[in-house]
Structure formats: structure tokens, C-alpha cells
Amino acid sequence: IPVAERGELVRQGELTVCGGGRRKRAGVRNVFLYQHMVIFTKQKSPGPGRTAYSYKHSVKTSEMGLTQSVGEDGLKFEVWVRTALKTKDCITLQAQDREGRQAWTHDIAHLLWTHAINNTELCLKESLCMGISSKLLLDASGTQGSELDSIYSLNDRVHSSCSDSSSVGSQKEGGSPASGRDPRRSSGSTSYSQSQSPSTAV
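Counting from 1, position 173 in the sequence shown corresponds to residue 173 in the UniProt record's numbering; the numbering is continuous, with no gaps.
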């Protein structure tokens, strides 16, 4: 996968993909979290002193939702994405300890919020270029500047939002399957653009 498509590496490590549903059994995967993509691999043993990974599956972060805690042990979290058949495909992951889960979910949530902010800014710029939103922004906030200031204010709240939100996902997806909540009514939910994702045979 080209570097331009995946972005910079944010975190990597071993996570257990929990069994259930389409996944009949649990399995350990080496997971690579990039700015634009999560890649699931399985470590191979090609020889002494060498490490190799076989590609299993990937999910674009722009298409992904997150439930930061699943179950009562504090070790599991869930990433989910809508498939081409308009059903949610969920991947439940388990870290080795609670600190590990918190580190993974914090970094993933930060990426999702960053995508949301960038999408908001892009939509605003496109609307202004089309000459549609200028008057609406002036009527709603008094000045265009105050609307732009709100974007920067949202950016300042990313770090605290990542810590406080239990579920981050797409409005179109109707919230996390685990939480069963409408993201439009949840302060920890964010809208993302959706597109077809690959099958998830992890």
C-alpha cells in the first residue's frame, strides 16, 4: 500500500481479534495504525533474525467508527464500518491490558476527530467558493470570522473529546452497533463520508 494512501505510522502492536459472527475463532494480529488506514497482518517466521508479515485486511480511517470500550473487562474495543450491502461489519479487538486499550482508542479517536474537522473545513470552503453560504454565515453569526473561529475552537477540543467520547462514528451509520445510540444525539459522535470497504476476513 503506497505511503501516500496510508499516511504516517501512528501506532503498531499486537491485538487479539475476538471470535464471533463471521469470525469463528479469536486470533492474534499485528495491527498497524496509520493516519488514513488501519492494516491487519499476521506475523510469519521466515528465518532467524527476520520478521515478516502477511497482509490480512485493511480499513480506511475515514470510513471507520469506534466504540472505545466493549464488555466488562476493560480490555476490548470495537471498530466498525458500513459495507457495500449497507450492513455494519464490526471488528472487536482486545488489548493486553487496560492501558493498552486506552492508548489504542485514544489514537484512533484522535484520527477520527481530525478527519471530521478537516471535512467540516472543506465543506465550509466549498460553500463559500460557490457563493452560497456567505450570507447565511453572516445572518447566523454576525460575521464570517466568528464561524471560522468556531472551526478553530473545535480543533482545540479534539484532545478532550477523544478522552471523553465512548463512541466515535458516522451519522449515516446510525451509531455503533454495540452502543445502539443515535450519533446525532450523542456528543461523542462525528459524521464521516462513506464508501465501499473491502471484506474483512481478519
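From the three backbone atoms N, C-alpha and C, an ideal C-beta is built for every residue, glycine too.
Quantities reported herein were computed from a predicted structural model and do not represent experimental measurements.
Hey, W80 and C90: beta-carbon distance below 8 Å or not? Along the sequence shown, read from residue 1 onward, the residue named residue 80 stands at position 80. Along the sequence shown, read from residue 1 onward, the residue named residue 90 stands at position 90. For W80 and C90, yes; Cβs fall inside 8 Å.
Using the Cα positions of S195 and G27, report the straight-line distance between them to the nearest angstrom. Indexing the sequence shown from 1 puts residue 195 at position 195. Indexing the sequence shown from 1 puts residue 27 at position 27. Low per-residue confidence applies at S195: pLDDT is 41, beneath 50, and the placement is therefore not dependable enough to give any value.
Candidates N30, Q96 and S45: closest to G39 by CA position: Here residue 39 is taken as the residue at index 39 of the sequence shown, counted from 1. The amino acid at residue 39 is misidentified as Gly; the sequence shows Ile. The residue from N30, Q96 and S45 with its alpha-carbon nearest to that of I39 is N30.
For Q43, which residues from the same chain have a beta carbon less than 6 Å from its beta carbon, with the 5 sequence-adjacent residues on both sides left out? In the sequence shown, the residue the question calls residue 43 occupies position 43. Contacts found: N30 and Y53.
Is the distance from the Cβ of S93 to the Cβ of T16 below 8 Å? Mapped onto the sequence shown, residue 93 falls at position 93. Mapped onto the sequence shown, residue 16 falls at position 16. Note that residue 93 is Leu in the sequence shown here, rather than Ser. In contact: L93 and T16 (Cβ atoms closer than 8 Å).
Backbone CA spacing between Q96 and Q12 [nearest angstrom]: Translated into the one-based positions of the sequence shown, residue 96 becomes position 96. Translated into the one-based positions of the sequence shown, residue 12 becomes position 12. Spanning the two alpha carbons is a distance of roughly 13 Å.
Quick one: residues in its chain with C-beta nearer than 6 Å to the C-beta of I108, no 5 flanking neighbours on either side, listed in chain order? Here the question's residue 108 lines up with position 108 in the sequence shown. So the qualifying residues of the chain are L66.
Those residues which DSSP pairs with M30 across a bridge: For the purposes of this step, residue 30 is identified with residue 30 of the sequence shown, where counting begins at 1. Looking at the sequence itself, residue 30 is Asn, so the reference to Met does not match. DSSP, once it has assigned bridges, lists E14 and T41 as partnering N30.
Could you give the residue range of the alpha helix (DSSP H) that holds A52? As a first step, residue 52 is located in the sequence shown; it is residue number 52 there, counting from the start. First-last for A52: A52 to K60, but that is the beta strand (DSSP E), not the alpha helix (DSSP H).
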